[in-house]
Each structure stands twice: as structure tokens, then as C-alpha cells.
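S.K.:
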Amino acid sequence: MSDPLKTPISITRTETPHARPADNALSFGKVFTDHMFIMNYNADKGWHDPRVVPYGKLSLDPATSVLHYGQAIFDGLKAFRGADGKIRLFRAQRHAERLNKSCAALCIPTLDVDLVRRSFEAIVGVDNEWVPSAPGTSLYVRPTIIATDVALGVHPATNYIYFVICSPVGAYYKEGVKPVRILASDKYVRAVKGGLGEAKTAANYAASLSGQQEAEDKGYTQVLWLDGVERKYIDEVGTMNIWMLIGDEVVTPPLEGTILDGVTRNSVMTLLNDWGYTVSERRITIDEVMQAGHDGTLREMWGTGTAAVVSPVGELGYKDDKVFIGNGGTGALTQRLYDHITGIQYGREADTHGWTSVVDVPAAAEKQIA
Ligand SMILES: *Cc1c(COP(=O)(O)O)cnc(C)c1O
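Residue numbers (the working numbering): 1 to 370.
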């Protein structure tokens with residue numbers, strides 16, 4: 001059934017497959033599957049030689065440019081084993097498109113989106129037995145691009161590697177969705193307009209560590225990022241997009257250059273519109289949110305991202321002030337979003353927007369959930 005016009009992806013299988021950990025022993029990103037996808041770029045050939053090979057080490061010269069100047073981007077999506085045994089990737093196309101947007105932001109040559117999507121399908125297909133089946137578990141898929149010029153001059157590289165690795169991950173919420181405590185930082189900044197905030201790049205994660213560390217030192221789970229210029233508008237929470245239900249208005253900050261265009265953000269926006277909510281993509285100050293918290297109109301607050309889907313906020317700290325949101329549990333709308341999105345991911349809920357794609361595996365490899 002393969003399309004002769006499509007670039008062929010060669011597959012070399014491992015001769016030493018590993019045992020997969022039990023589903024209940026899985027955490028996040030510590031164990032990797034038996035194979036990886038890899039593809040190279042150089043100025044002559046462009047992106048070439050797409051292949052699935054045994055998982056293994058990369059050998060890099062110490063002068064490799066990514067190690068010095070951080071020209072690196074990545075993305076993250078998941079494959080789920082449904083109750084029907086089928087394996088579904090969630091929004092593979094949109095993740096492939098975003099990978100290219102990140103490339104453009106860091107002067108990395110873009111890829112054929114169709115080939116990127118096929119790279120996800122190829123690696124998950126080959127490692128299909130690694131997709132766990134216990135409730136809440138999934139296979140995390142991590143495409144990454146690094147600059148591999150061996151030189152210390154500062155300029156966009158002319159050699160790159162694209163690779164995709166996969167990790168079976170445990171349920172994010174082992175005992176039900178649980179609210180977190182977050183601290184708005186007026187000291188650290190994640191991104192500024194004209195910078196890299198819109199890209200999924202290693203640099204943004206490096207830039208987030210001090211602020212995150214400070215929030216943890218003060219007893220909070222995550223840092224709430226404010227804009228880098230006026231230090232008053234809410235940007236993101238940790239590495240998630242942020243949402244608030246104030247009265248009957250759902251508010252999320254607009255994509256104006258500092259915020260990552262989350263795939264979960266887009267899914268949540270689409271569902272809220274389907275359900276008839278008023279969704280405002282607007283700038284919102286930390287003062288407005290604290291005020292809404294004090295006068296009781298801040299009904300729910302949550303973050304969104306691939307790892308957790310939703311992460312409810314139960315407490316928000318800012319300077320010497322703090323507000324509690326809800327009654328220590330998860331808000332009704334936050335829970336509804338979680339249930340609906342995970343329902344689509346595991347094939348329990350109708351996928352009316354065509355967000356999932358079933359991965360081709362030999363029929364014998366489809367397993368029922370116990
Ligand atoms: C990955 C990421 C998100 C969430 O994006 P999803 O596509 O929903 O996983 C949000 N903010 C930042 C900074 C991120 O890196």
C-alpha cells in the first residue's frame with residue numbers, strides 16, 4: 001500500500017530487544033524503546049536517509065555546535081493504546097507542523113511535514129509492543145533536531161540530525177487529577193517578544209530553571225510566568241499554557257510572540273467553543289486574577305500540556321499575597337476537559353475533529369486492555 005512517490009523509510013530491527021517494564025512501574029522519560037528514527041541534513045542533500053534503527057548512542061565531536069550555542073528544537077506527542085487495542089497518535093499532524101515553526105525560529109531548515117508525521121508512525125509502528133495498556137499510560141514520542149556542524153563560529157549550522165525517541169510513560173495522575181500550588185514570579189522571565197518564546201527549544205527550558213527552582217524553594221509546584229516587559233501580564237505556567245474561568249468567561253493569554261502555541265491549548269479552545277463557552281484570548285494581569293481570587297469570581301484555573309492534559313491550580317501566590325481556587329479539588333470544567341480529551345485519546349469518545357490517527361501494526365500485535 002506504500003505510495004511510490006513517498007520517500008522510503010528503511011527499517012533495521014534490533015537483535016537485542018529489551019524487556020518492557022511493567023505498566024505500573026513506569027514514570028516519565030526514563031526508559032526508552034528498542035528503536036529510534038533518524039535522518040540527516042546537509043547542504044548538498046537536504047534532509048535525507050530517513051531510517052528506523054536500533055536505539056543507541058549518538059557520537060558527537062566535542063566541538064559540535066549544538067553543545068555550545070544551543071541550536072536545538074524538539075516536540076512532544078503521545079500514542080495511546082485504546083480499549084479496542086488500537087494504537088492512536090494524538091494530533092500528529094499539528095505536532096509535525098509545530099516542529100517546523102520551531103525550526104524556522106532557530107534558522108533550522110524545515111522538513112516535509114508529511115515525512116515528519118510518517119516518522120512518528122514508523123517508530124511507533126516498529127515499537128508498538130512498547131505502548132503500555134494500563135489506564136492513563138501512553139508512549140511519549142520525542143522528535144528532536146540538533147545542529148551538528150563541528151566548528152565554533154556562531155552562525156546557523158549547515159548540518160543537522162533529526163531523531164525521534166520514544167518512552168513508555170506511566171499515568172500522570174495515579175490517584176485522580178490533583179491541584180497544584182503555583183507562584184507568580186516578578187523576578188525571573190521566561191521569554192520576551194522577538195525572542196524564542198513561540199518555539200519549543202532547549203533554550204527556553206534552560207531559561208526556566210532558576211524561576212522554577214525558586215518556586216520550589218518557596219514550597220510551590222510551578223512558576224507562573226509574567227511578561228518580560230511590564231511584569232504584570234500572565235504568560236504561561238511552568239511549561240504549560242494557562243487558563244482561567246472568571247465568572248462565565250474563560251480567559252487564556254493571546255499568542256503574541258512569547259507563548260508557545262500548545263496543541264492541548266488548541267484542543268481545549270476547540271472543545272470550549274463546541275460547548276458554547278465564551279473564550280477570550282486576551283491579556284490578563286496578575287492583579288486582575290488575584291482580585292478575582294479574592295472576590296470569589298475566579299472559579300477555576302488550570303494549565304494545559306501534552307504530559308498532563310490539564311493541571312488544575314489550587315493555590316496562587318504573588319508577592320506576599322495568595323488566593324485559593326476551588327475547594328481543594330478539581331473544578332468541574334477542568335475535569336470535563338480532562339475526561340473528554342483523554343476519552344478521545346483512548347478511543348472511548350467520538351473523535352469529531354479528526355485528531356487521532358490509528359497507527360498501522362500487524363493485527364496480531366493489537367492487545368486488549370485487561
Ligand atoms: C510544550 C509546551 C507547552 C504545551 O504544549 P502542548 O502542545 O500542549 O504539549 C506549553 N508551553 C511550553 C513552553 C511548552 O514547551
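C-beta: ideal position from N, C-alpha, C; glycine also.
Here the structure is a predicted model, which is why all the values come from computation and not from measurement.
Assuming contact is defined by CB atoms lying nearer than 7 Å, are T14 and D44 in contact in what I supplied?
M.R.: Numbered from its first residue, the sequence shown carries residue 14 at position 14. Numbered from its first residue, the sequence shown carries residue 44 at position 44. No, the Cβ-Cβ distance between T14 and D44 is not below 7 Å.
S.K.: Would the beta-carbon of D227 fall within 7 Å of that of Y233?
M.R.: As a position in the sequence shown, residue 227 is number 227, starting the count at 1. As a position in the sequence shown, residue 233 is number 233, starting the count at 1. A contact, by the Cβ cut-off of 7 Å.
S.K.: Can you check whether the CB of Q222 is closer than 7 Å to the CB of V180?
M.R.: Counting from 1 along the sequence shown, the entry for residue 180 is found at position 180. Counting from 1 along the sequence shown, the entry for residue 222 is found at position 222. Yes, the pair counts as a contact, with Cβ atoms nearer than the cut-off.
S.K.: In this structure, how does DSSP classify W130 when only helix, strand and coil are distinguished?
M.R.: To locate residue 130, count along the sequence shown from 1; it is residue 130. The answer is helix: DSSP assigns W130 an H, G or I state.
S.K.: Closer than 6 Å: is that where the CB of G257 sits relative to any heavy atom of ligand 1?
M.R.: The residue given as residue 257 occupies position 257 in the sequence shown. No.
S.K.: Compare the beta carbon distance of A203 and G70 with 7 Å and say whether it is the shorter of the two.
M.R.: Stepping through the sequence shown from its first residue, residue 203 is reached at position 203. Stepping through the sequence shown from its first residue, residue 70 is reached at position 70. Yes. Within cutoff.
S.K.: Can you have a look at A370 and say buried or exposed, based on whether 16 or more other CB atoms are within 10 angstroms of its CB?
M.R.: The residue you call residue 370 lines up with position 370 of the sequence shown. Any answer about A370 is weak, because its pLDDT of 36 lies below 50 and its placement is not dependable; what the coordinates show is given next. Classification of A370: exposed, given that the 10 Å Cβ count is below 16.
S.K.: Measuring alpha carbon to alpha carbon, tell me which of L337, M301, V237 ends up nearest T270.
M.R.: By 1-based counting over the sequence shown, the position of residue 270 is 270. When only C-alpha atoms are compared, the closest one is L337.
S.K.: Ligand 1 and M244: does any heavy atom of the ligand fall closer than 6 Å to the residue's C-beta?
M.R.: Residue numbering aside, residue 244 sits at position 244 when the sequence shown is read from its first letter. Checking every heavy atom of ligand 1 against the Cβ of M244, none is found closer than 6 Å.
S.K.: Buried or exposed, going by whether 16 or more other CB atoms sit within 10 Å of the CB of F28?
M.R.: If you number the sequence shown from 1, residue 28 lands on position 28. Per the 10 Å Cβ criterion, exposed.
S.K.: Out of curiosity, what's the CA-to-CA distance linking N241 and D235?
M.R.: Stepping through the sequence shown from its first residue, residue 241 is reached at position 241. Stepping through the sequence shown from its first residue, residue 235 is reached at position 235. Note on geometry: alpha-carbon atoms of N241 and D235 lie some 8 Å from one another.
S.K.: Taking 7 Å as the cut-off, decide whether the C-beta atoms of G331 and E281 are in contact.
M.R.: Indexing the sequence shown from 1 puts residue 331 at position 331. Indexing the sequence shown from 1 puts residue 281 at position 281. It is not a contact, given that the beta carbons lie outside the stated cut-off.
S.K.: Within this structure, are the beta carbons of V358 and K86 separated by less than 7 Å?
M.R.: For the purposes of this step, residue 358 is taken as the residue at position 358 of the sequence shown. For the purposes of this step, residue 86 is taken as the residue at position 86 of the sequence shown. In contact: V358 and K86 (Cβ atoms closer than 7 Å).
S.K.: Pick helix, strand or coil for V189, following the three-state DSSP scheme.
M.R.: Position 189 of the sequence shown, counted from the start, is the residue given in the question as residue 189. V189 falls in the coil class under three-state DSSP.
S.K.: According to the neighbour-count rule (16 or more other Cβ atoms, all chains shown, within 10 Å of its Cβ), is W275 buried or exposed?
M.R.: Along the sequence shown, read from residue 1 onward, the residue named residue 275 stands at position 275. So W275 ends up on the exposed side.
S.K.: For F37 and V164, which I take to be in contact (beta-carbon distance under 8 Å), what is that distance rounded to the nearest angstrom?
M.R.: Looking up residue 37 in the sequence shown gives position 37. Looking up residue 164 in the sequence shown gives position 164. Right, the Cβ-Cβ distance comes to about 4 Å (below 8 Å), so this counts as a contact.
S.K.: Report all residues from its chain with a CB closer than 8 Å to the CB of R98; omit the five preceding and five following residues, and keep chain order.
M.R.: Counted from its first residue, the sequence shown places residue 98 at position 98. If we look at R98 and ignore the five residues flanking it on each side, its Cβ neighbours are D75, K200, D261, V263.
S.K.: In chain order, which beta strand (DSSP E) runs of at least 3 residues are fully inside the segment 159 to 222?
M.R.: 160 to 169, 180 to 185
S.K.: Within a Cβ cutoff of 8 Å, which residues of the same chain sit near G328, ignoring the five residues on either side of it in sequence?
M.R.: Taking the sequence shown and counting its residues from 1, one reaches residue 328 at position 328. For G328, where only same-chain residues beyond five positions count, the Cβ hits under 8 Å are P179, G314.
S.K.: Is it true that the CB of T252 sits closer than 7 Å to the CB of W302?
M.R.: As a working note, residue 302 is residue 302 in the sequence shown. As a working note, residue 252 is residue 252 in the sequence shown. Cβ atoms of W302 and T252: not closer than 7 Å.
S.K.: With 16 other CB atoms within 10 Å as the buried threshold, where does K57 fall?
M.R.: Here residue 57 corresponds to residue number 57 of the sequence shown, with the count starting at 1. Exposed, because fewer than 16 other Cβ atoms sit within 10 Å of the Cβ of K57.
S.K.: Using the Cα positions of V361 and A292, report the straight-line distance between them to the nearest angstrom.
M.R.: Counted from its first residue, the sequence shown places residue 361 at position 361. Counted from its first residue, the sequence shown places residue 292 at position 292. Taking the straight line from one Cα to the other gives about 50 Å.
S.K.: Measuring CA to CA, which of E129, Y205, G257 is closest to S138?
M.R.: As a working note, residue 138 is residue 138 in the sequence shown. Here the closest residue by C-alpha is E129.
S.K.: Go through its chain and collect everything with a Cβ distance to V150's Cβ below 7 Å, but skip five positions before and after it.
M.R.: For the purposes of this step, residue 150 is taken as residue 150 along the sequence shown, with counting starting at 1. The answer, listed in chain order, is D61, A63, T64.
S.K.: Determine, using beta carbons only, whether S208 and R190 come nearer to each other than 7 Å.
M.R.: Against the sequence shown, residue 208 aligns to sequence position 208. Against the sequence shown, residue 190 aligns to sequence position 190. Yes; because the gap between Cβ atoms is below 7 Å, this pair is in contact.
S.K.: Using only the heavy atoms of ligand 1, determine whether one of them is closer than 6 Å to the beta carbon of L337.
M.R.: In the sequence shown, residue 337 corresponds to position 337, counting from 1. A distance criterion of 6 Å places the beta-carbon of L337 beyond contact range of ligand 1, judged by its closest non-hydrogen atom.
S.K.: What's the call for H68, buried or exposed, on a 16-neighbour Cβ count within 10 Å?
M.R.: Translated into the one-based positions of the sequence shown, residue 68 becomes position 68. Under this definition H68 is an exposed residue.
S.K.: Give the single residue among T304, M39, G136 whose Cα lies nearest to the Cα of Y346.
M.R.: Locating residue 346 in the sequence shown gives position 346, where the first residue counts as 1. For Y346, the nearest C-alpha among the options comes from G136.
S.K.: Would you mind stating whether A96 and V116 have Cβ atoms separated by less than 7 Å?
M.R.: By 1-based counting over the sequence shown, the position of residue 96 is 96. By 1-based counting over the sequence shown, the position of residue 116 is 116. At a Cβ-Cβ threshold of 7 Å, A96 and V116 count as neighbours.
S.K.: Taking the Cβ atom as the reference point for each residue, do F372 and V154 lie within a distance shorter than 7 Å?
M.R.: Shown here, the chain extends from 1 to 370; a query on residue 372 therefore has no answer.
S.K.: List the whole-angstrom C-beta distance separating R91 from L77, where the pair is believed to meet the contact cut-off of C-beta under 8 Å.
M.R.: As a working note, residue 91 is residue 91 in the sequence shown. As a working note, residue 77 is residue 77 in the sequence shown. R91 to L77, Cβ: 7 Å. Contact.
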